[in-house]
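Sequence order for the protein chains is H and A.
Numbered per the working numbering, the first sequence spans residues 71 to 413.
Numbered per the working numbering, the second sequence spans residues 71 to 413.
Here a beta-carbon is modelled for each residue, glycine too, at the ideal position from N, C-alpha and C.
2 protein chains.
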Amino acid sequence: MTMSNTGGRRKPPTIHDVARVAGVSRGTVSRVLNGGHYVSPAAQEAVNAAIRKTGYVVNRHARSLITGRSDSIGFLLTEPQEKLFEDPNFNVLLRGCTQALAAHDIPLLLMVAGTEDERRRIMRYITAGHVDGVLLVSSHSGDPVAEQLRDAGVPLVQCGKPMGLGSKVSYVAADDRDGARDMVRHLLSLGRRRVGVVTGPLDTPGGVDRLAGYKEVLTEAGVEIDERLIVSGDYSRAGGQVGAERLLDRAPDMDAMFVASDLMAQGALTALRRAGRRVPEDVAVGGFDDSTAATESVPALTTIRQPYDRISNEMVRVLLAQIGGEDPAAVILPTELVRRDST
Amino acid sequence: MTMSNTGGRRKPPTIHDVARVAGVSRGTVSRVLNGGHYVSPAAQEAVNAAIRKTGYVVNRHARSLITGRSDSIGFLLTEPQEKLFEDPNFNVLLRGCTQALAAHDIPLLLMVAGTEDERRRIMRYITAGHVDGVLLVSSHSGDPVAEQLRDAGVPLVQCGKPMGLGSKVSYVAADDRDGARDMVRHLLSLGRRRVGVVTGPLDTPGGVDRLAGYKEVLTEAGVEIDERLIVSGDYSRAGGQVGAERLLDRAPDMDAMFVASDLMAQGALTALRRAGRRVPEDVAVGGFDDSTAATESVPALTTIRQPYDRISNEMVRVLLAQIGGEDPAAVILPTELVRRDST
DNA sequence: TTCTCTACTGTGAACGCTCACAGAAGCATG
DNA sequence: CATGCTTCTGTGAGCGTTCACAGTAGAGAA
Numbered sequence: 071m072t073m074s075n076t077g078g079r080r081k082p083p084t085i086h087d088v089a090r091v092a093g094v095s096r097g098t099v100s101r102v103l104n105g106g107h108y109v110s111p112a113a114q115e116a117v118n119a120a121i122r123k124t125g126y127v128v129n130r131h132a133r134s135l136i137t138g139r140s141d142s143i144g145f146l147l148t149e150p151q152e153k154l155f156e157d158p159n160f161n162v163l164l165r166g167c168t169q170a171l172a173a174h175d176i177p178l179l180l181m182v183a184g185t186e187d188e189r190r191r192i193m194r195y196i197t198a199g200h201v202d203g204v205l206l207v208s209s210h211s212g213d214p215v216a217e218q219l220r221d222a223g224v225p226l227v228q229c230g231k232p233m234g235l236g237s238k239v240s241y242v243a244a245d246d247r248d249g250a251r252d253m254v255r256h257l258l259s260l261g262r263r264r265v266g267v268v269t270g271p272l273d274t275p276g277g278v279d280r281l282a283g284y285k286e287v288l289t290e291a292g293v294e295i296d297e298r299l300i301v302s303g304d305y306s307r308a309g310g311q312v313g314a315e316r317l318l319d320r321a322p323d324m325d326a327m328f329v330a331s332d333l334m335a336q337g338a339l340t341a342l343r344r345a346g347r348r349v350p351e352d353v354a355v356g357g358f359d360d361s362t363a364a365t366e367s368v369p370a371l372t373t374i375r376q377p378y379d380r381i382s383n384e385m386v387r388v389l390l391a392q393i394g395g396e397d398p399a400a401v402i403l404p405t406e407l408v409r410r411d412s413t
Numbered sequence: 071m072t073m074s075n076t077g078g079r080r081k082p083p084t085i086h087d088v089a090r091v092a093g094v095s096r097g098t099v100s101r102v103l104n105g106g107h108y109v110s111p112a113a114q115e116a117v118n119a120a121i122r123k124t125g126y127v128v129n130r131h132a133r134s135l136i137t138g139r140s141d142s143i144g145f146l147l148t149e150p151q152e153k154l155f156e157d158p159n160f161n162v163l164l165r166g167c168t169q170a171l172a173a174h175d176i177p178l179l180l181m182v183a184g185t186e187d188e189r190r191r192i193m194r195y196i197t198a199g200h201v202d203g204v205l206l207v208s209s210h211s212g213d214p215v216a217e218q219l220r221d222a223g224v225p226l227v228q229c230g231k232p233m234g235l236g237s238k239v240s241y242v243a244a245d246d247r248d249g250a251r252d253m254v255r256h257l258l259s260l261g262r263r264r265v266g267v268v269t270g271p272l273d274t275p276g277g278v279d280r281l282a283g284y285k286e287v288l289t290e291a292g293v294e295i296d297e298r299l300i301v302s303g304d305y306s307r308a309g310g311q312v313g314a315e316r317l318l319d320r321a322p323d324m325d326a327m328f329v330a331s332d333l334m335a336q337g338a339l340t341a342l343r344r345a346g347r348r349v350p351e352d353v354a355v356g357g358f359d360d361s362t363a364a365t366e367s368v369p370a371l372t373t374i375r376q377p378y379d380r381i382s383n384e385m386v387r388v389l390l391a392q393i394g395g396e397d398p399a400a401v402i403l404p405t406e407l408v409r410r411d412s413t
């Protein structure tokens, strides 16, 4: 009745079968499965042989039932629209986390909270203990979901610096301020002095920090900060285009631009092309992220590389540590300037 | 000892607690949870109230242990490299499947089989019964993984038509041949007669079918098929660029191109621009997919829309039906011509 | 010898749920 | 009144694992 008609799966072997084949008890098999302490080499060997012979795979449900752990973690995406899903960086992050977890033999559950309904269902699912921890990716970093999860005692690591400073949530982020400094220093080193900036959303720490880095370097270099050279954006391609248009309008003598995301930089390139400015001859353009957008652009973007592979690895590491009982931690990773054709 | 120091989670209420609060037995609560047949309205009501009051959420591990179902499904991506992950279509598919499954309260496990090792581990995981079924996305559609899973009796739905015709694997795909016909008909309707084509990989049904549609329409229209106007590609941006260059070289009088993916069409646009051809004045260009690449291109691509939202919905529907005991099914969905600026 | 200690092994109980079964209650029919 | 049928409810068993505990064997010390 519950048998699928596509062939039907045989009932898989249990720990009992393995014990019988190996000539030992369930307990011994279980000990071998869980690290092998207090097991004689002979038993160890017999059990491993029996596992190979029977093709035994542990039943995670039975294990979870008794341990209370699920041995799986959730990758939670909270976005009102599909915005983040279109972000090329997201792919890299998701894939990195999947791989890092796979190395620990931990499955990743993908959870997307678009609507309020979905969010509620997911919260119920998580707080019921169906995952051991959560990797949270959320663009608007004042997301209440983080605090809700923390208050529910769910181990949590956020990607990117969270808004509330005292929120005591683990996070992993690239060094936004330092990256911005590197880029602006690079632009100045080319002899440019009228450097415009299209910032990220200024209600996020990332947006704020990149702007701060920009101002810092100009000040250090003795270049006057001109408010006409600063417009705010939203990390989207369209936002970058509009931002660049406004900058050209307000400061026609601009000879360089620092655009706080590659996607926005793509939009900026479009605006510059339409305005008849050559890149990099008339205006040098620097992006941020080193996403796939950077190499697809014409010209290819000089940008600040966010080490997404390391970010995802660190997210997983910190989360597992936290599940293991360690305190929440903040990890800031260094960025790197990648020089291409736009500067 | 196993308590996390981030606050600690309380032990969640069990079906027993609900039964006590509602003044009924475990069995009755279980029946309410599973459809509510053979339960008096009074008991029904009492149980629901108790569930709300206690905040009870079913322990899926305990349930799975006895039912043998996991109530979760796997989204399996088999790719030697991260190629598919960069494909914008993949995002849409993943998100669509996540949502469709969420509506059934079924979690999605993301599994990426890049290396041979990963593939083995994942196969073991799946065949051990840790997921009830698999949504398979694989670009090289002769993938042995499909047959392995089918032979293991694992319910399976593939995205895109599989290579082996007699393989009896469910799949959901867009109507490649019909889509290609629409596009080529459109190009002919513009008065173009020298229509080039950059095909997809010809060892995949999708690639073959799109080429077949192209030839069909030309033949119907009495336009001679010129082998110099046919080059094969690999769906990548670079492949499209090279393909277009070869076409220009072999048939300089080409006045239209059907490019079998938007990504390749982007590459083709680059090649045309470099060759000094105006699009669409000198050469009209039609893509395939209607991915995000189509609107990002300059000019925006006329393309054939693959209904990815419907594809993901159908994949989930067919998979759940198959898990429920129905026979494997093939679903072909209609495509749609989307007119933009490149034709 | 006897005791203690260490290294290892087996056993019952428990995790939270579903399922099969038994039984109760209500009602119509013989 | 007995019988059968339908609708509902409670109970025990069992899913496959881990964990705590008890127990065994062998080595070394008193």
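List the residues of chain A that residue i touches, going by C-beta distances under 9 Å, in chain order.
{"i": "residue 188 of chain H", "result": "169, 172"}
{"i": "residue 204 of chain H", "result": "Going along chain A, no residue has its Cβ under 9 Å from residue 204 of chain H, so there is no contact; the nearest lies around 12 Å."}
{"i": "residue 179 of chain H", "result": "142, 177, 178, 179, 180"}
{"i": "residue 127 of chain H", "result": "194, 195, 197, 198, 199, 200"}
What is the DSSP secondary structure of residue i, counted as helix, strand or coil?
{"i": "residue 356 of chain H", "result": "strand"}
{"i": "residue 242 of chain A", "result": "strand"}
{"i": "residue 144 of chain A", "result": "strand"}
{"i": "residue 172 of chain A", "result": "helix"}
{"i": "residue 280 of chain A", "result": "helix"}
{"i": "residue 381 of chain A", "result": "helix"}
{"i": "residue 260 of chain H", "result": "coil"}
{"i": "residue 96 of chain A", "result": "helix"}
{"i": "residue 310 of chain A", "result": "helix"}
{"i": "residue 137 of chain H", "result": "helix"}
{"i": "residue 222 of chain A", "result": "coil"}
{"i": "residue 181 of chain A", "result": "strand"}
{"i": "residue 326 of chain H", "result": "strand"}
When we look at the beta-carbon of residue i and count the other beta-carbons within 10 Å, is it buried (16 or more) or exposed?
{"i": "residue 149 of chain H", "result": "buried"}
{"i": "residue 413 of chain A", "result": "buried"}
{"i": "residue 85 of chain H", "result": "buried"}
{"i": "residue 230 of chain H", "result": "buried"}
{"i": "residue 137 of chain A", "result": "exposed"}
{"i": "residue 272 of chain A", "result": "exposed"}
{"i": "residue 397 of chain H", "result": "exposed"}
{"i": "residue 161 of chain H", "result": "buried"}
{"i": "residue 121 of chain H", "result": "buried"}
{"i": "residue 96 of chain A", "result": "exposed"}
{"i": "residue 159 of chain H", "result": "buried"}
{"i": "residue 126 of chain H", "result": "buried"}
{"i": "residue 112 of chain H", "result": "exposed"}
{"i": "residue 384 of chain A", "result": "buried"}
{"i": "residue 411 of chain H", "result": "exposed"}
{"i": "residue 98 of chain A", "result": "buried"}
{"i": "residue 338 of chain A", "result": "buried"}
{"i": "residue 73 of chain H", "result": "Low confidence applies here, because residue 73 of chain H scores a pLDDT of 36, under 50, leaving its location unreliable and the question unanswered by this model."}
{"i": "residue 168 of chain A", "result": "buried"}
{"i": "residue 404 of chain A", "result": "exposed"}
{"i": "residue 200 of chain H", "result": "buried"}
{"i": "residue 185 of chain H", "result": "exposed"}
Please compile the residues from chain A whose C-beta is within a distance smaller than 8 Å of the C-beta of residue i.
{"i": "residue 134 of chain H", "result": "131"}
{"i": "residue 401 of chain H", "result": "Those do not exist, as residue 401 of chain H stays about 17 Å from chain A at its closest Cβ, beyond 8 Å."}
List the whole-angstrom C-beta distance separating residue i from residue j, where the pair is believed to meet the contact cut-off of C-beta under 8 Å.
{"i": "residue 373 of chain H", "j": "residue 357 of chain H", "result": "4 Å"}
{"i": "residue 257 of chain H", "j": "residue 354 of chain H", "result": "6 Å"}
{"i": "residue 147 of chain A", "j": "residue 182 of chain A", "result": "5 Å"}
{"i": "residue 227 of chain H", "j": "residue 242 of chain H", "result": "6 Å"}
Against chain A: residues of the stretch 344-377 of chain H by CB proximity under 8 Å:
Under the 8 Å Cβ criterion, the stretch 344-377 of chain H contributes 362, 366, 368.
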